[in-house]
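Structure, as structure tokens:
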Amino acid sequence: MAKKIAVLVGSLRKESFNRKIANELEKLSSDNLDLEIVEIGNLPLYNEDLDQNPPQEWTDFRSKIKSADGILVVSPEYNRTIPGALKNAVDVGSRPYGSSVWPGKPGGVVTSSVSALGGLAANHHIRQAFVFVDVPLMQQPEAYIGNSSQIWNEDGSCVEKTQEFLKNWIDAYEKWVNKF
Ligand SMILES: Cc1cc2nc3c(=O)[nH]c(=O)nc-3n(C[C@H](O)[C@H](O)[C@H](O)COP(=O)(O)O)c2cc1C
1 MAKKIAVLVG
11 SLRKESFNRK
21 IANELEKLSS
31 DNLDLEIVEI
41 GNLPLYNEDL
51 DQNPPQEWTD
61 FRSKIKSADG
71 ILVVSPEYNR
81 TIPGALKNAV
91 DVGSRPYGSS
101 VWPGKPGGVV
111 TSSVSALGGL
121 AANHHIRQAF
131 VFVDVPLMQQ
141 PEAYIGNSSQ
151 IWNEDGSCVE
161 KTQEFLKNWI
171 DAYEKWVNKF
């Protein structure tokens, strides 16, 4: 049976390049992985007080992550770190204390940027949070996609060179998931 991978896209923008990259990864992945974007834009900001009677959006999000076999983050960098929406999702999933949904789920991270740097800082900041919530993250190969506005053909498909890169990366991630 295919392993279910919850994909968190750090950008909430409709035409997000990261969302497009996430969709590309789904297309390129083998039948052994079932990638599904879990939306994070509707999650109320984490507030410990609300955990007495948690918002439905938190409960739904937590159960989707709980039922996943792995976690894949595809995100831009905002002001040299991860977008607030993504950090909020990490926080929501990590509580209530003792009931975190993250531990042990094999993770992968892809960052992209319209600049040449490919979201390097954000990539390592998500790694930092995932270490603490006990998501074992694939270390290599890394994925920093630079110039993310320029990797698309006129018909909306991804340019061949980036497709090859992403294919190699998602196949490595599949092997990583299978180790768990
Ligand atoms: C609030 C904000 C902060 C940003 N900060 C950075 C940054 O620190 N580094 C970077 O490379 N790009 C930065 N960018 C540019 C993003 O790389 C670019 O907007 C990218 O397209 C966002 O990803 P998306 O297409 O998936 O929405 C920033 C964009 C926004 C909106």
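The opening residue of the sequence shown carries number 1 in full-length UniProt numbering; numbering runs sequentially from there.
Backbone N, C-alpha and C define an ideal beta-carbon position, used for all residues, glycine too.
Just so it is clear, the structure is predicted and the values come from calculations on it, not from any experiment.
In terms of side-chain proximity, the C-beta atom of Y78 is found nearer than 7 Å to a non-hydrogen atom of ligand 1.
Taking C-beta atoms under 8 Å as the contact rule, L8 and A89 qualify, at a distance of about 6 Å. When the Cα atoms are used, L72 and V133 turn out to be separated by approximately 14 Å. Less than 8 Å separates the beta-carbon of S11 from that of S75. In this chain, the beta strand (DSSP E) harbouring G108 covers G107 to S112. Within the segment 6 to 52, the complete alpha helix (DSSP H) segments of 4 residues or longer fall at 17 to 28, listed in chain order.
For the set W58, T111 and G84, the Cα lying nearest the Cα of L43 is the one of W58. Around the C-beta of P96, fewer than 16 other C-beta atoms lie within 10 Å, and the residue is accordingly described as exposed. In this structure, the beta-carbon distance from I170 to T162 does not fall below 8 Å. Beta-bridge pairing by DSSP links K3 to L33. Taking 8 Å as the cut-off, the beta carbon of V109 is found no closer than this to the beta carbon of I65.
In the structure shown, the three-state DSSP call for I145 is strand. Between I145 and G118, the C-beta spacing is below 8 Å. Pairing L50 with V92, the inter-Cα distance amounts to about 11 Å. DSSP, read as helix, strand or coil, puts G119 in coil. Cβ-Cβ separation between K105 and A68: approximately 6 Å, consistent with a contact (criterion under 8 Å). With a 10 Å radius around the Cβ and a threshold of 16 neighbouring Cβ atoms, N79 comes out exposed. Counted as a single uninterrupted DSSP element, the stretch harbouring L137 is not any beta strand (DSSP E), since DSSP gives it neither H nor E.
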